[in-house]
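Residues in the sequence shown are numbered from 19 upward in steps of one, following the working numbering.
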Amino acid sequence: MNNDLNWRYATKKFDSSKKISKKDFAELLEVLRFSPSSYGLQPWKFVIVHDPVLRKKLRPHAWGQPQVTDADSLIVFCALKTMDDDYVNRYVDLIAQVRGVTKESLLSYEQMMMASLKDKSPEAVSQWMKNQVYIALGIFLSECAHRKIDACPMEGFDPHKFDEILKLPQEGLESVVLCAIGYRALDDNYAQQKKVRFDKNKVFIDRS
Ligand SMILES: Cc1cc2nc3c(=O)[nH]c(=O)nc-3n(C[C@H](O)[C@H](O)[C@H](O)COP(=O)(O)O)c2cc1C
19 MNNDLNWRYA
29 TKKFDSSKKI
39 SKKDFAELLE
49 VLRFSPSSYG
59 LQPWKFVIVH
69 DPVLRKKLRP
79 HAWGQPQVTD
89 ADSLIVFCAL
99 KTMDDDYVNR
109 YVDLIAQVRG
119 VTKESLLSYE
129 QMMMASLKDK
139 SPEAVSQWMK
149 NQVYIALGIF
159 LSECAHRKID
169 ACPMEGFDPH
179 KFDEILKLPQ
189 EGLESVVLCA
199 IGYRALDDNY
209 AQQKKVRFDK
219 NKVFIDRS
């Protein structure tokens, strides 16, 4: 059993006096930046909320969950609201620049990405972008556990209210999922609870 994954749990009670070091925090942000996404299009932004006043304002819109105010940091995982050809074009520019190749050599890749977006309804594109955000969340949770930093992923919030308070539409963004990170309070009873996971024979199908 992977010890990190057994150690971690969705932390309900954080010790607000314990702070994540600047180095850990910066490296965790890099984990988000380096997360994989379909075609590498990275249709996301991650909004960091440290301000206690703002977090107090957000908490009632997240079922009053104390993690919103008590964890060291709150990260709002956001997806882009739309993605157009211009965005894809700028991404291809970046590939050309970083890899030192011509844009012409990337033309068929660019056209494939654009065609794949056009094939989908706006709702399907939006859902696809949100799916990418969850990949970043999974990787982030693993890395937090690896560093013995506690985390609570949270879907229990009102995205419209969060969007409004954090002025996300103005940035072309919508909130998808939250993650509070910090250090567990020693009296958080949830830390002692056994993991509840389906048996291997319920989870895997071997067709080999
Ligand atoms: C996408 C997602 C959303 C979640 N939302 C909440 C939440 O709003 N509040 C909460 O306390 N836990 C939340 N959880 C935690 C789950 O309830 C928890 O991961 C699950 O019960 C398994 O327990 P464990 O993570 O402690 O092993 C969420 C987990 C995920 C992955």
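No residue lacks a Cβ here, since even glycine has one placed at the ideal position from N, Cα and C.
Predicted, not measured: the structure shown is a model, and the values here were computed from it.
Since I believe residue j is in contact with residue i (beta carbons under 8 Å), could you give me their beta-carbon distance rounded to a whole number of angstroms?
{"i": "F158", "j": "V49", "result": "6 Å"}
{"i": "Y57", "j": "M132", "result": "So it is not a contact: roughly 10 Å between Cβ atoms."}
{"i": "V94", "j": "Y152", "result": "Not quite, the Cβ-Cβ distance comes to about 14 Å (not below 8 Å), so this is no contact."}
{"i": "P54", "j": "M101", "result": "The Cβ separation is near 17 Å, so there is no contact."}
Classify residue i as helix, strand or coil using the three-state DSSP reduction.
{"i": "K63", "result": "strand"}
{"i": "V214", "result": "coil"}
{"i": "L92", "result": "strand"}
{"i": "P78", "result": "helix"}
{"i": "D42", "result": "helix"}
{"i": "P171", "result": "strand"}
{"i": "A163", "result": "helix"}
{"i": "A209", "result": "helix"}
Buried or exposed: which applies to residue i, given that a residue is buried once 16 or more other Cβ atoms fall within 10 Å of its Cβ?
{"i": "K31", "result": "buried"}
{"i": "T29", "result": "buried"}
{"i": "S91", "result": "buried"}
{"i": "Q115", "result": "exposed"}
{"i": "G200", "result": "buried"}
{"i": "Q83", "result": "buried"}
{"i": "I109", "result": "First, the amino acid is wrong: residue 109 is Tyr here, not Ile. Label assigned to Y109: buried."}
{"i": "A227", "result": "Past the boundaries of the shown model lies residue 227; the chain is included only from 19 to 226, so the question cannot be answered."}
For a quick check, are the C-beta atoms of residue i and residue j less than 9 Å apart?
{"i": "A80", "j": "V86", "result": "yes"}
{"i": "E192", "j": "A97", "result": "yes"}
{"i": "D42", "j": "A163", "result": "no"}
{"i": "A203", "j": "D33", "result": "yes"}
Checklist line | beta strand (DSSP E) segments (min. 3 residues) lying fully within the stretch 174 to 201 | finding: 191 to 200
For this session: May I have a chain-ordered list of the alpha helix (DSSP H) segments no shorter than 4 residues that lie completely inside the stretch 99 to 160?
Result: 103 to 117, 125 to 136
Margin query: Give the residues whose C-beta lies closer than 5 Å to at least one heavy atom of ligand 3, in chain order.
Written below: Summarising the ligand content, the structure contains ligand 1 and does not contain ligand 3.
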